[in-house]
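Numbering (my numbering), first residue to last: 16 to 407. Don't be surprised by glycine CBs; every beta carbon is placed ideally from N, CA and C. This one's a predicted model, so the numbers in the text were calculated from it and none came from an experiment. Structure first, commentary second.
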């Protein structure tokens with residue numbers, strides 16, 4: 016009995032990552048006997064967790080039917096609460112996006128106004144999917160700041176006023192009547208980078224996200240590392256310039272204060288005040304505008320090189336401590352082009368022990384910018400399935 020349950024659990028874990036699998040492939044992976052695999056598969060089928068389309072089909076041929084998660088068994092809402100917008104999505108059990116919605120950030124002067132915006136997105140998703148509400152089983156929330164994952168508390172997001180010490184999971188559960196889970200947004204993103212590399216992912220990946228702020232995440236052997244209190248990998252708050260500009264966290268010289276959007280804008284304003292001629296528009300500034308100007312504006316090119324050097328310096332610390340197989344950089348700043356990876360590689364080679372960077376790979380993310388909402392839903396889905404299976 017224990018062997019059958021262990022096999023069922025292993026099969027579920029594989030399907031949560033790989034989407035489809037044949038019985039033969041599962042047998043190769045586990046070494047289990049066909050009769051034991053049959054029992055494990057039947058148990059998950061009986062629970063309604065998996066399906067095997069084509070198993071009873073009259074079609075003949077050599078192609079084995081695929082085991083898959085039952086798509087209608089569990090739908091999940093995913094929310095990505097960002098500085099400038101809120102993205103919501105609904106996925107089915109297989110991870111297919113059933114609905115998606117993005118709204119720009121409104122007035123966020125308090126926790127109540129932040130919650131109102133989040134609730135508005137969820138209600139609109141629910142209204143669009145009224146016919147499927149009974150399938151919804153959970154909410155996954157990607158939090159922009161530090162998180163107490165175990166207790167579902169949003170501790171603090173330095174760039175969103177009022178977003179601190181909020182019992183987000185309990186509020187979502189009470190407001191919408193669904194089990195709710197919150198995750199640091201950067202943990203969600205590194206999970207999605209890992210999934211994007213399946214079925215043969217690197218042993219370890221570090222992700223650095225750029226934009227309004229600077230964030231980081233690390234995964235090794237498929238396990239997200241976020242520290243004992245889920246507050247690790249805050250690469251944006253590594254001190255790069257002691258005594259430098261004040262960061263929104265209160266410290267001075269953080270990477271985010273130098274390479275985040277506000278840091279880049281501060282550097283541009285300093286140059287303009289000193290008489291530098293530039294086409295950069297500080298009144299309507301954005302990272303996208305900055306990236307466009309890097310193509311032709313001398314000041315933008317200079318600042319881009321500085322910013323990339325700061326990022327490389329922070330990644331040198333990460334590389335020395337974690338020795339990742341792959342570093343992935345994502346976000347708006349990647350639009351500045353080859354100067355980013357080229358500068359980072361140069362700084363790493365200059366500041367790291369040679370053996371550490373010898374086999375290190377550096378990539379620009381290939382994932383779409385709205386992938387985090389889907390990732391939050393997937394992580395919540397995983398927890399729901401694990402809890403459901405444990406109860407059988």
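Helix, strand or coil at residue i according to DSSP, with G and I counted as helix
i, result
"residue 171", "strand"
"residue 148", "helix"
"residue 161", "strand"
"residue 75", "In this prediction, residue 75 has a pLDDT of 48, which is less than 50 and means its spatial position is unreliable; what the coordinates show is noted afterwards. Reduced to three states, the DSSP call for residue 75 is coil."
"residue 95", "strand"
"residue 89", "coil"
"residue 66", "strand"
"residue 267", "strand"
"residue 108", "coil"
"residue 35", "strand"
"residue 397", "helix"
"residue 113", "strand"
"residue 41", "helix"
"residue 324", "helix"
Residues that DSSP places opposite residue i in a beta bridge
i, result
"residue 198", "157"
"residue 222", "232 and 343"
"residue 388", "According to DSSP, residue 388 bridges with nothing at all."
"residue 119", "100"
"residue 181", "169"
"residue 362", "Per DSSP, none; premise fails for residue 362."
When the options are compared against residue i, the one with the closest alpha-carbon
i, options, result
"residue 272", "236, 173, 47 and 361", "173"
"residue 454", "124, 262, 167 and 194", "This structure does not reach residue 454, given that the chain is present from 16 up to 407, and the question cannot be answered."
"residue 207", "195, 192, 257 and 224", "224"
"residue 3", "87, 97, 211 and 39", "With the chain covering only 16 through 407, there is no way to say anything about residue 3."
"residue 339", "95, 55 and 240", "240"
"residue 81", "100, 56 and 390", "56"
"residue 247", "230, 237, 312 and 220", "230"
"residue 394", "212, 279, 90 and 285", "90"
"residue 361", "398, 52, 329 and 30", "329"
"residue 297", "279, 184, 221 and 311", "279"
"residue 250", "25, 193 and 233", "233"
"residue 399", "31, 216, 25 and 26", "31"
Sequence-distant residues of its chain with Cβ nearer than 7 angstroms to residue i (five each side left out)
i, result
"residue 85", "63, 64, 65, 66 and 108"
"residue 372", "334, 363 and 364"
"residue 259", "267, 268, 272 and 273"
"residue 254", "266, 268 and 269"
"residue 281", "260"
Residues of its chain near residue i, where Cβ-Cβ distance is below 8 angstroms and the 5 sequence neighbours each way are ignored
i, result
"residue 75", "Model confidence at residue 75 stands at a pLDDT of 48, short of 50, so the residue's coordinates are unreliable; what they give is reported in the following sentence. There are no such residues."
"residue 320", "354 and 358"
Own chain, CB closer than 6 angstroms to residue i, minus 5 neighbours either side, in chain order
i, result
"residue 187", "154 and 195"
"residue 261", "267"
"residue 93", "104, 155, 388, 389, 391 and 392"
Count Cβ pairs between the stretch 297 to 311 and the stretch 345 to 355 that sit closer than 8 angstroms; are there 3 or more? Taking 8 angstroms as the limit for Cβ pairs, the verdict is that the stretch 345 to 355 does touch the stretch 297 to 311.
Would the stretch 203 to 218 count as touching the stretch 161 to 173 if we require 3 or more Cβ pairs under 8 angstroms? Flag = no, the stretch 203 to 218 and the stretch 161 to 173 do not touch.
The stretch 134 to 152 touching the stretch 94 to 109, judged by at least three CB pairs closer than 8 angstroms: At 8 angstroms Cβ cutoff, the stretches touch.
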